[in-house]
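Take a look at the structure set out below.
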């Protein structure tokens with residue numbers, strides 16, 4: 002028999018869990034509890050701040066963005082409104098051969114729009130009583146008309162230009178009408194006729210548009226003595242009007258007394 006005392010076996014060492022282990026465990030449990038609490042709870046029973054905190058904790062990468070904070074883009078391109086006189090309403094003056102004032106106005110207006118768009122401007126063609134005229138806001142509004150088919154006298158020839166009789170910005174109106182008279186005469190070779198009527202100075206659209214819109218009305222010529230030019234050269238008349246508009250928009254020098 003071996004009488005040597007046997008040495009007791011040493012117990013296996015147990016690795017103690019560090020502080021980080023318990024810390025991450027607590028965070029993990031808290032995250033799970035918060036998730037389950039949010040999912041199972043009636044949102045109406047939770048304070049808004051608590052709901053927001055849980056939501057941001059679950060999805061911290063999502064930043065709520067209000068959808069209604071839209072900043073309007075300011076207009077950078079000038080807008081010109083062009084009323085084709087009598088369009089959408091009546092024929093205007095009617096000549097013995099069937100020629101109508103409205104048809105002449107429409108052709109000239111179409112050319113003006115084309116020329117302005119080609120130069121990079123925005124241009125609307127409007128009807129005589131277009132609903133858009135109410136509060137219409139543009140840099141310029143021009144209404145295009147033609148004068149009577151009837152023979153009046155040998156002096157009943159030429160064009161007329163007028164702005165509103167009562168105008169909130171008379172300097173602007175004077176510059177626009179001055180530019181139109183000067184450039185239209187230069188381009189078309191026609192003379193200004195000074196028989197401005199109350200129908201021109203009190204033209205209905207002047208009272209309908211936005212007060213910031215500078216406006217004028219032009220009678221491009223008489224459908225009697227100026228008939229050939231009005232019917233065969235609507236593009237030339239449009240060039241004269243376009244040149245007058247650009248004179249105003251570009252602040253070109255002009256003698257407004259003309």
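Numbering (the numbering used here), first residue to last: 2 to 259.
Cβ coordinates follow ideal geometry from the N, Cα and C atoms, glycine included.
None of the values given here were measured: they were computed from a predicted structure.
Burial check for residue 167: the Cβ neighbour count within 10 Å stays below 16, so the residue is exposed.
Ranking 182, 246 and 230 by CA distance to the CA of residue 215 puts 246 first. Counting every other CB atom within 10 Å of its CB across the protein chains shown gives residue 240 a total of 16 or more, marking it as buried. If you ignore the 5 residues before and after residue 151, its C-beta comes within less than 7 Å of the C-beta of 225, all in its own chain and listed in chain order.
Take residue 122, set aside five residues on each side of it, and the residues of its chain with a beta-carbon closer than 7 Å to its own are 78, 79 and 81, in chain order. In the DSSP assignment, residue 126 is bridged to 83. Here residue 143 is near residue 218, since their CB atoms are less than 9 Å apart.
For residue 241, there is no enclosing beta strand (DSSP E); the enclosing alpha helix (DSSP H) has its first and last residue at 235-250.
In this structure residue 100 is not in contact with residue 141, their Cβ atoms being roughly 28 Å apart against a cut-off of 8 Å. Annotated as proximal: residue 208 and residue 165, with beta-carbon spacing under 9 Å. The beta carbons of residue 130 and residue 220 sit no closer together than 9 Å. For the set 237, 119, 174 and 134, the Cα lying nearest the Cα of residue 211 is the one of 134. Rounded to whole angstroms, residue 147 and residue 227 show a C-alpha spacing of 10 Å. Listed in chain order, the non-local C-beta contacts of residue 173 below 7 Å within the same chain comprise 215, local neighbours out to five positions each way being set aside. Rounded to whole angstroms, the separation of the alpha carbons of residue 124 and residue 115 is 8 Å. Contact check for residue 230 and residue 222: beta-carbon distance about 6 Å, within the 8 Å limit, so the pair qualifies. The alpha-carbon separation between residue 110 and residue 120 amounts to approximately 16 Å.
Taking the Cα positions, residue 249 is about 10 Å away from residue 184. Residue 210: not part of any beta strand (DSSP E); DSSP gives it neither H nor E. Rounded to whole angstroms, the Cβ separation of residue 149 and residue 94 is 6 Å, and the two are in contact under 8 Å. Pairing residue 83 with residue 145 gives a Cβ-Cβ distance under 9 Å.
Excluding the 5 residues flanking it on each side, residue 136 has same chain C-beta neighbours closer than 8 Å at 209, 210 and 211, in chain order. Taken through DSSP and simplified to helix, strand or coil, residue 227 comes out as coil. In the three-state reduction of the DSSP assignment, residue 98 falls in the coil class. In the three-state scheme derived from DSSP, where H, G and I count as helix and E and B as strand, residue 255 is classed as coil. For residue 175, the enclosing alpha helix (DSSP H) begins and ends at 171-189.
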